[in-house]
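Be aware that the sequence shown starts at 165, since it is given in my numbering, and climbs by one per residue.
All C-beta atoms, glycine included, are put in the ideal place defined by N, C-alpha and C.
Here the structure is a predicted model, which is why all the values come from computation and not from measurement.
Data block below; observations after.
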Amino acid sequence: MGFFWRRKKDDFVSLRLNEPAEAVPEPPPAPVQAPVEPPVETLKEEVVPSRSPFQSSVLGLNLSMEQLQAQEAALEQEFSARFRRAVAATRDSLSEKLDTLFAGRKQIDEELLEQLEEVLIAADIGVTTTLEILETVRRGIARKQINDLDALKHAIKTELLNILQASERQGVASELTVPESVAPYVMMIVGVNGVGKTTTIGKLAQRIKAEGNDVLICAADTFRAAASDQLAIWAERTGVPLIQQKQGTDPAAVLFDSLKAAKARGSEVLIVDTAGRLHNKSNLMAELEKMKRVAAREVEGAPHETLLVVDAVTGQNGLEQARQFLKVAGVTGIVLTKLDGTAKGGIAVAIAKELNLPIRYAGIGEKVDDLVVFDPQQYVNGLFGN
Ligand SMILES: Nc1nc2c(ncn2[C@@H]2O[C@H](COP(=O)(O)OP(=O)(O)OP(=O)(O)O)[C@@H](O)[C@H]2O)c(=O)[nH]1
Ligand SMILES: [Mg+2]
């Protein structure tokens, strides 16, 4: 899978400078030597094992390039295992239903297909998407390509993967497409209240910074009194500077200040928090449009990425809210949060299909490292348990 977020094109290995020392895995222990009777004067050191000054270096100075790369791979491995756990509830629910459906049957008939339709809709895959999947399946059956239940399951998986991969190809904004000379790279985070925007910003800031980028956060949710405080806690936790102003300030003005500050400091990435709620919806949308105009005036091509945060738990309702944002906000990708809190994780497929936008990241918990790059293959494998 590779890097989480990377704009720089040169090869480098993340030293994870920003993580606490204990989070860096120890190198494998040296092979056990034949015990040698220690001289009396070194006995004290034996109790507290002596170490090379670099042994626990946060910089990874004690590790070879291969070991550092192995650490990166292990980290990815860990994320993929946690992602699997996050979709476990959906997998259990879906697989259980499919198994019940398939139990005692030898062949595919119309009754089975109708029940299959219900199972997919219950997993929040969405009516439109489910009907399309069923149509493909029926075609496969007619052409004798799908003859048994295994083939049927395989066809569903392939179809889900195709939908997710097709959305991935839809005009995704990628940090790699913006020249490094354009700075800061501006990411706006939008979505209705409570979906997890601020939390996602904390997580994003942490990982983008950990990959060697200078990050700045802009607190442009000036509507809610506590919004800025909440963001300040995340900023402190991740050691990322924050630009904020008092409640009620025009969000576009806070953004303007932040853009200026980012340029002055030479920040590479600016992440912008926005309000999820205003007195009325048209205000909110007008405000987002104004912010976009300000960003574009100050930095070429900004905002380079506008991520719409969708709460997986709200299912089809969330999808409806998301549509409102799409009309004005120029969304380039989705962050699907709280995937860990639902058995209806099929919503990812409905979102990809119906909004025709890639899911870039998935939130899998409330902690700072509970954010993963959304990988369609991993997701589909996670749902079907392999
Ligand atoms: N389980 C779980 N909880 C999450 C996740 N992301 C966010 N949350 C929780 O969702 C709640 C709302 O998150 P916020 O980040 O405050 O949401 P917001 O969109 O900024 O909300 P407003 O500022 O009110 O618009 C918090 O309790 C978060 O801890 C996730 O991926 N998994
Ligand atoms: Mg917020």
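If you drop the 5 nearest sequence neighbours on each side, which residues of the same chain put their C-beta closer than 6 angstroms to that of Lys531? none
Any contact of the stretch 338 to 352 with the stretch 296 to 312, i.e. 3+ C-beta pairs under 8 angstroms? no
Keeping to the same chain, check which residues put their C-beta closer than 6 angstroms to that of Ala391; ignore five residues upstream and five downstream. Asp385
Tell me whether Arg307 sits in a helix, a strand or coil according to DSSP, three-state version. coil
Given this structure, state the Cα-to-Cα distance separating Val204 from Gln541, to the nearest angstrom. Unreliable positioning characterises Val204 in this predicted model, as indicated by a pLDDT of 42, which lies under 50. The coordinate reading is nonetheless provided below. If I take the Cα positions, the gap works out to 58 angstroms.
Delimiting residues of the alpha helix (DSSP H) encompassing Ala374: Lys361 to Ala374
Residues bridged to Glu469 (per DSSP): Met351
Whole-angstrom distance between Asn520 and Asp437, CA atom to CA atom: 24 angstroms
Does DSSP classify Val532 as helix, strand or coil? coil
For the alpha helix (DSSP H) containing Ala383, name the first residue and the last one. Premise fails: Ala383 lies in the beta strand (DSSP E), Val379 to Ala383, not in any alpha helix (DSSP H).
For Gly412, write down the residues that DSSP places opposite it in a beta bridge. Per DSSP, none; premise fails for Gly412.
Identify, in the order they occur along the chain, each residue of the same chain with its Cβ nearer than 6 angstroms to the Cβ of Ala439, setting aside the five sequence neighbours on each side. Asp385 and Phe387
Below 8 angstroms on the Cβ atoms is my contact criterion, and I expect Ala493 with Leu547 to pass it. Report the Cβ-Cβ distance as a whole number of Å. The Cβ separation is near 29 angstroms, so there is no contact.
Could you tell me how far apart the beta carbons of Arg524 and Leu471 are, in whole angstroms, since I believe they sit closer than 8 angstroms? 7 angstroms
Can you look up Leu262 in the DSSP assignment and give me helix, strand or coil? helix
Assuming the contact rule is C-beta atoms closer than 8 angstroms, Asp475 and Val359 should be a hit. Round their C-beta distance to whole Å, please. 4 angstroms
Going by DSSP, what residue range makes up the beta strand (DSSP E) through Leu434? Val433 to Asp437
Which word fits Val537, buried or exposed, when buried means at least 16 other C-beta atoms lie within 10 angstroms of its C-beta? buried
Let me check you understand the geometry: is the CB of Ala391 closer than 8 angstroms to at least one non-hydrogen atom of ligand 2? yes
So, under 8 angstroms CB-CB, Leu280 and Leu258 are touching, yes? Tell me the CB distance rounded to an integer number of Å. That pair is no contact at about 11 angstroms.
Can you tell me whether DSSP reads Asp312 as helix, strand or coil? coil
Locate the alpha helix (DSSP H) running through Arg565, then write down its first and last residues. The chain is shown from 165 up to 550; residue 565 falls before or after that span and cannot be answered.
Mind checking whether the beta-carbon of Gln411 lies closer than 8 angstroms to any heavy atom of ligand 3? You won't find ligand 3 in this model; what it holds is ligand 1 and ligand 2.
Asn326 beta carbon near ligand 1 (any heavy atom closer than 8 angstroms): no
Output the distance between the C-alpha atoms of Lys261 and Arg371, rounded to the nearest integer angstrom. 37 angstroms
Coil, strand or helix - Ala507 by DSSP: coil
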